[in-house]
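Undergrad:
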Amino acid sequence: KFVLKERLVKESLHELGHTYGIDHCSNPTCPMSKSSSVFEIDTKTKEFCPRCAAMLSDSGYGEYWGV
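According to this note's numbering, the sequence shown is numbered sequentially starting from 74.
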């Protein structure tokens, strides 16, 4: 149950990132990395990498997200 919740959070962050104009990331631990398997989702963290965090900050929503 815990694993499923973690996956849902990570993929939700990924999709929300797209709504703020962030493309896929090459960093496999970033929520914005493209995943084609459950293993790749499990590799992600719940924190944006520095590049994606900067893009989120530049979008004007960084303060809301805490970046």
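Just so you know, even glycine gets a beta-carbon here, dropped at the ideal spot from N, CA and C. None of these values were measured; they are calculated from a predicted model.
Give every residue of the same chain whose Cβ lies closer than 7 Å to the Cβ of C125, excluding the five residues on either side of it in the sequence, and list them in chain order.
TA: G90, I95, C98, C103 and M105
Undergrad: Determine the direct distance from the alpha carbon of D115 to that of L86, and round the result to whole angstroms.
TA: Taking the straight line joining both Cα atoms gives about 13 Å.
Undergrad: For the stretch 84-132, list the beta strand (DSSP E) runs that are entirely contained and at least 3 residues long, ordered along the chain.
TA: none
Undergrad: As a quick exercise: from Y93, T92 and V111, pick the residue whose alpha carbon is nearest that of E79.
TA: V111
Undergrad: Looking at S99 and the ligand HEM, is the gap between the Cβ and the nearest heavy atom below 8 Å?
TA: As far as ligands go, the structure on display features none, and thus does not contain the ligand HEM.
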